[in-house]
Every structure is written in structure tokens, then in C-alpha cells.
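Quick note on full-length UniProt numbering: the sequence shown kicks off at 1 and runs consecutively. Glycine included, C-beta positions come from ideal geometry on N, C-alpha and C.
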Amino acid sequence: MTPRRVFHGQRGLITAIFFASLCLNVLVLTAPIYMLQLFTRVMSSGSLSTLIALTVAAGIALVFFMIFDALRAQLLTRLGNRIEADIGPVVLGAVVQGNGGGGHDTQSVRDLHEVRAFVMAPAFTALLDAPWSILFLAVIYMFHPLLGVVATVGLAILFLLGVLSELTGRVPAKAASESVRRSNMTADEVLRNSEIVRAMGRTSVLVSRWQRQSFAAIATGTRAHDRMSRMSSFAKMVRMALQIAVMATGVWLVLQGELAPGMMIAASILLGRAAAPVEQSIAGWRGLLAVRVAVQRLNDVLAGNRVQQAKMDLPAPTGRLSVQEATVVSPARQDPLFFDISFDLRPGDSLGLFGPSGAGKTSFVRALVGLQPLTRGHIRIDDAALQDWPEEQIGRHIGFLPQRVELFDGTIAENIALMDAEAKPSDIVRAAKRARVHELILSLPGGYNAPVGPNGDFLSAGQRQRIGLARAFYGDPCLIVLDEPNANLDPDGEEALADAIAEVTGIGAVVVVVSHRMNVLKAVNHIAVLERGRMVRFGKAKAVFEKDNVLPMTGRVSTDAAKMPPLDPGQPVGDRMGVKEASQ
């Protein structure tokens with residue numbers, strides 16, 4: 001399938017803009033034709049009626065000029081709006097999916113705004129008018145070939161200046177754009193981590209780091225701007241010199257009796273109109289180069305965007321989870337993130353996952369919810385591989401609480417419903433009650449309508465985590481994955497979390513919890529231990545804790561328990577990859 005492009009689907013609107021530009025530039029001939037007729041007809045005949053008729057005709061032509069000029073401006077505005085409306089959701093979706101080439105960088109969204117602004121800017125209008133300079137040049141040739149030659153030489157020089165601007169400014173402009181992008185990313189990182197920066201007294205250090213990148217952006221931008229400014233100034237000089245040359249040539253031809261004075265003045269007017277868009281294009285070349293880089297980046301995003309093929313909806317999942325030889329290998333690491341993990345969980349089961357730092361727990365639970373593609377193996381829900389489910393359908397049946405809880409700038413109710421404007425209040429309250437956070441919400445000023453602030457700053461870390469837990473319980477999830485859900489909870493919060501896990505498993509959901517604390521792990525009926533990306537233990541919670549001497553607060557296994565049994569193709573799923581499955 002042909003990759004989508006920035007201007008894809010805008011052919012009709014672009015054709016209308018082209019037609020408006022054609023009419024507009026034809027009507028530009030009004031002034032020189034009027035001037036020519038004054039000298040050749042009115043001044044020679046002294047006819048007042050001819051003057052009135054010519055003036056009325058010129059006035060009518062100027063009215064149409066105004067109409068087409070306003071029409072083209074409106075069409076350009078519509079073009080910019082349609083580009084943003086058409087590909088904006090695709091671009092933002094690609095950024096969310098991580099296909100923007102820069103992780104979750106919002107540069108692609110800024111590029112889209114830049115393209116829209118340029119389409120409505122005067123520099124783009126000048127580019128539309130520049131090709132019509134050939135029309136004015138042809139009319140000048142009709143007045144006298146020598147005037148045409150002078151005008152052609154001058155316009156050729158202006159065109160060469162434009163080409164030279166492109167060749168000399170392309171690399172500096174791209175470097176300047178990239179430097180600005182890095183500087184903005186650093187500023188965003190500093191702002192996101194402003195509290196830890198201030199608390200640890202590193203404001204000056206990080207500001208200096210941003211300043212170095214900002215100075216690099218300023219330096220590269222200055223070089224690009226200086227080159228463009230020199231070219232623009234030279235173009236202005238050439239254009240003024242060209243008008244002088246045409247006037248001088250015209251006067252000489254008038255003195256020789258080869259040209260009428262009206263034609264000389266009309267030729268000067270036409271030349272000014274022919275040279276103006278070329279000069280404006282050179283003056284706006286820096287913006288054009290910046291937009292060219294932005295369009296290229298957007299096209300790369302659109303070309304790399306994984307188009308979701310239409311998938312048939314499957315029956316609503318019951319939540320049976322099967323992990324088969326799941327493996328993820330990262331090019332950035334020598335060892336796999338996790339390797340050959342296999343187990344089965346039925347509706348109503350719960351799994352506590354723990355192990356030392358770097359064991360691969362977070363990477364694994366991200367794979368369970370489809371955020372981490374597998375290198376090998378399968379994750380199945382109701383026997384269907386996770387990637388075979390329609391994303392929107394299966395997403396409605398998965399609850400996820402990441403380690404770092406991020407909230408949207410809205411109310412508590414909106415965040416629980418994940419900003420769903422059609423969410424039912426009863427469903428929001430039910431999710432909050434399942435998460436044992438209903439009373440906490442009611443105790444806050446405003447209750448469910450209380451604003452959480454940007455990034456949830458109006459709430460404490462524990463409150464944000466509990467709101468995030470209610471969000472994971474919202475709807476009817478059959479699979480709930482919680483990554484360190486008690487990291488910021490007090491003992492009462494941990495007890496409430498354990499009760500919440502017991503409730504949702506009681507109605508048939510499968511819960512996977514990453515934790516190191518017994519207050520939460522005692523609420524699950526299965527335990528899995530990860531070390532160095534391998535599952536070294538899997539089985540019933542009581543058997544794993546008591547028989548195999550697992551130390552839950554450290555996530556490590558005793559020496560005897562950590563011995564891996566030999567591989568046996570005939571073993572059950574839990575044992576297939578060398579995992580000992582304990583039973584009560």
C-alpha cells in the first residue's frame with residue numbers, strides 16, 4: 001500500500017487554489033493595461049468618455065481581484081485546517097504507539113502545527129505566485145524583445161539566488177531544527193523532574209546543560225539566518241537594479257522611437273510584479289527550509305505508521321490467560337529482557353510476580369498488556385494471541401496500572417473513566433468502590449468532581465496511585481495487571497488493595513501483581529519468581545512460599561530452591577521451560 005503523505009487527499013482543494021491564483025495573476029495585468037491604454041488612447045485622443053470607460057472597467061477588474069485574493073486566502077486557511085484535521089489524529093496516534101521515530105516525543109505534533117502555519121503564511125503565497133512570473137515576462141516580450149531579454153536576465157539571476165539559498169541553507173537549517181528539537185526535549189525533561197531537581201540542588205547544573213544545547217541551537221540558527229539574510233539583501237538589490245535597467249532600456253527605446261511611453265511604464269510595473277514573488281520566496285526561504293524538514297519528518301512518521309488492519313471482533317473474553325515461551329530480546333542489551341516464560345491462569349486466578357531489580361518484571365507485565373512486542377512465543381487470552389485481538393476491543397477488557405501513575409488534567413471522575421465523555425457515573429463509582437477508594441474520593445473537596453491538576457499534582461503520590469488503581473478496575477476488565485501498585489501506599493492502603501484484588505478475582509478476573517510485600521502477595525493464589533529474565537519458580541502461593549523458601553521482601557530464592565530442573569518436553573506448561581511448578 002502506498003505510504004500516506006502530508007498533502008494526501010487534498011488534490012481538489014489544491015486545484016481550487018491553483019485556479020484562484022491563475023485568475024488573480026491575470027487580474028494583476030489590470031494596472032499595466034490601464035496605464036498602456038491611458039497613454040495610447042486617452043492622452044492621444046483627449047476623450048473623456050474613453051477615460052471613464054477604462055476607469056470603470058479597471059475598477060470592476062479590481063473588485064474581482066479582491067474577490068479572488070480573499071478566496072485564495074480562505075482556501076489556504078482551509079487547506080491548513082484540513083491537513084491538520086486529516087493527518088493530526090494519525091500523527092498523534094503514531095506518537096502514542098511509539099512510531100514517531102522519537103519515542104513519545106511531541107515533535108511530530110509541533111511539525112504539524114508548523115506546516116499548517118506556513119501554508120497560511122505570505123511566503124507560501126509568494127511561492128504560488130512565482131510560477132506566474134513567466135506570464136508577465138511573456139507580456140514584456142510582447143512590448144519589445146530587448147525589454148524581455150533584460151527582464152529574463154534579471155529574473156534568472158533571482159532564480160539562481162533562490163537555488164543558491166537552497167543549496168547553502170539546507171544543511172544549516174536542518175541542523176538548526178534538530179538543535180532546537182534537542183533543546184526543547186531537555187527543557188521538557190527538566191520541567192517534568194523539577195521537584196527532584198530543586199530538592200537535590202541541581203537546578204543550575206541542568207539549566208547549564210539546557211543552556212549549552214540552547215546555545216548550539218542559537219549558533220546553528222544564526223548561521224542559517226545570516227546566510228538567508230545575505231541572500232535576501234542581495235535579491236532586493238538585484239530586483240531594484242533590474243527595475244532601473246528596464247526603465248533605462250525603455251527610455252532608450254522610447255528615444256529611438258521603438259517603444260511607446262505607456263509600454264515602458266507598463267513593462268516596469270509588470271517586471272515589479274514578476275520579480276516580487278521570487279524576491280519574497282528568497283526572503284522566506286528559511287521558513288520554507290524549516291517546513292521542508294518538518295514535512296519530511298511527518299512523511300517519515302506517516303510512512304512508518306503501522307496501519308491497523310481491520311480485525312473481526314471476537315467473543316467477549318472470559319480472561320483465560322496463557323503465556324507460551326514468551327521471550328523478548330532487546331538490541332540494546334546482551335541478555336534478553338525475559339526468556340521462555342510459560343504458564344496458564346484461569347478466570348479467578350491471581351499471580352504475584354516478584355524478583356530482584358532488573359529481573360524483567362516490568363518488561364514482562366508490559367508484554368502482557370501489549371506494550372512490549374514479543375521476540376518469540378505467544379501471549380493468549382481465551383486461546384487467541386494478543387496481537388490477533390482488535391486493539392480497541394481487547395483494550396476495553398484490560399486494566400493496567402504502571403509503576404509511574406500519570407493522570408490527566410481533569411477531574412477524578414474523568415481520570416477514572418480515562419477521559420471518556422460517555423462514561424456512566426455508576427460505572428465510575430463501581431470502579432472506585434472495587435479499588436476501595438470511594439470513601440477517599442468523597443472526603444476530598446469536590447468529591448468525584450475534584451480537579452487533580454496537571455499530572456495529578458493536586459493529589460499526593462498515594463492518592464494518585466489509588467486513583468490509578470480505580471482506573472485499572474474501570475469497566476469490565478478480565479485481565480488486570482498491576483505493576484508495584486503499593487509502592488506509595490500505607491498499611492491501610494495495602495489492606496484495601498488486597499481486598500480489591502480478592503473482590504475482582506471473585507468475579508472472574510485474572511490479576512497479575514508485581515510486588516515485594518506480603519500484605520499484597522498474600523491476596524494472590526499463584527506466585528512466580530523471576531531472576532535474570534527467567535522464571536525460576538511458579539506455582540501455588542503457599543507451596544512456593546513455604547516449601548521453596550522464597551523470601552518475598554527480597555524477591556530471591558534460597559540456594560536449594562533456585563536449582564533449575566532439566567528441560568523435559570513432556571512437562572506441563574508451568575514446567576516446560578525449566579520452571580518448577582509447586583502445588584499445595
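query                                                                                                                                                             : result
Compare the C-alpha of F408 against each of G453, R223, A217 and name the closest.                                                                                : G453
Taking its Cβ as the centre, do 16 or more other Cβ atoms sit within 10 Å of W252, making it buried, or is it exposed?                                            : exposed
Bridge partners of S350, per DSSP?                                                                                                                                : V511
Have a look at the DSSP bridge pairing and note the partners of V323.                                                                                             : F343, I379
Do the CB positions of R223 and P172 come within less than 7 Å of each other?                                                                                     : yes
For G578, name the three-state secondary structure that DSSP assigns.                                                                                             : With a pLDDT of only 37 at G578, under 50, the local geometry of the prediction cannot be trusted, and the value read off the model is given with reservation. If DSSP states are grouped into helix, strand and coil, G578 belongs with coil.
Tell me whether residue 591 is buried or exposed, calling it buried when 16 or more other Cβ atoms sit within 10 Å of its Cβ.                                     : As displayed, the chain neither begins before 1 nor continues past 584, which places residue 591 out of reach and without an answer.
How big is the Cα-Cα spacing for G101 and A303?                                                                                                                   : Its pLDDT being 46, under 50, G101 is placed unreliably by the model, and the measurement read from it follows with that caveat. About 11 Å.
Check for me: the alpha helix (DSSP H) holding H225 runs from which residue to which?                                                                             : 203 to 255
Run through the stretch 30 to 117 for me and flag every whole alpha helix (DSSP H) of 4 or more residues, listed as ranges in chain order.                        : 30 to 37, 48 to 97
Could you tell me the distance, in whole angstroms, from the CA atom of M43 to the CA atom of P261?                                                               : 11 Å
Relative to the C-alpha of G399, which candidate in A435, A413, H378, G257 has its C-alpha closest?                                                               : A435
Which same chain residues, not among the five before or five after A16, have their C-beta less than 6 Å away from its C-beta?                                     : L75
Please confirm if the stretch 382 to 390 is in contact with the stretch 522 to 542, defined as three or more CB-CB distances below 8 Å between the two stretches. : no
Who are the Cβ neighbours of V6 in its own chain at under 8 Å, not counting the five residues just before and after it?                                           : I83, I87, V115, V295, L298, N299, L302
Considering only DSSP beta bridges, list what A384 is partnered with.                                                                                             : I381
So, does the stretch 404 to 418 touch the stretch 442 to 453, judging by three or more C-beta pairs under 8 Å?                                                    : yes
Could you pull the start and end residues of the alpha helix (DSSP H) that V139 belongs to?                                                                       : 133 to 143
Based on DSSP bridge pairs, tell me the residues matched to L27.                                                                                                  : According to DSSP, L27 bridges with nothing at all.
Can you give me the start and stop residues for the alpha helix (DSSP H) that D313 sits inside?                                                                   : Element bounds for D313: n/a, residue is neither H nor E.
Among E531, T152, R72, whose alpha-carbon lies nearest the alpha-carbon of T362?                                                                                  : E531
Alpha carbon to alpha carbon, what distance is there between R517 and M553?                                                                                       : The pLDDT assigned to M553 is 40, lower than 50, so where the model puts this residue is not dependable; a value taken from the coordinates is nonetheless given after this. Roughly 6 Å separates the two Cα atoms.
Leaving out the 5 sequence neighbours to the left and right, which residues in its chain are closer than 8 Å to S350 when beta-carbon positions are compared?     : I501, T505, V510, V511, V512, V513, A523, V524, N525, H526
So for V437, helix, strand or coil by DSSP?                                                                                                                       : coil
Pick from G355, G456, S322, H113: whose alpha carbon is nearest that of C521?                                                                                     : Per the sequence shown, the amino acid found at residue 521 is Leu instead of Cys. Considering only alpha carbons, the answer is G355.
Is Q372 near R366, with beta carbons less than 7 Å apart?                                                                                                         : yes
From the DSSP output, in three-state form, read off G399 for me.                                                                                                  : strand
Give the single residue among A275, A543, I269, L206 whose Cα lies nearest to the Cα of M237.                                                                     : A275
Rounded to the nearest angstrom, what separates I218 and A248 at their Cα positions?                                                                              : 44 Å
Identify every residue that forms a DSSP beta bridge with T411.                                                                                                   : P451
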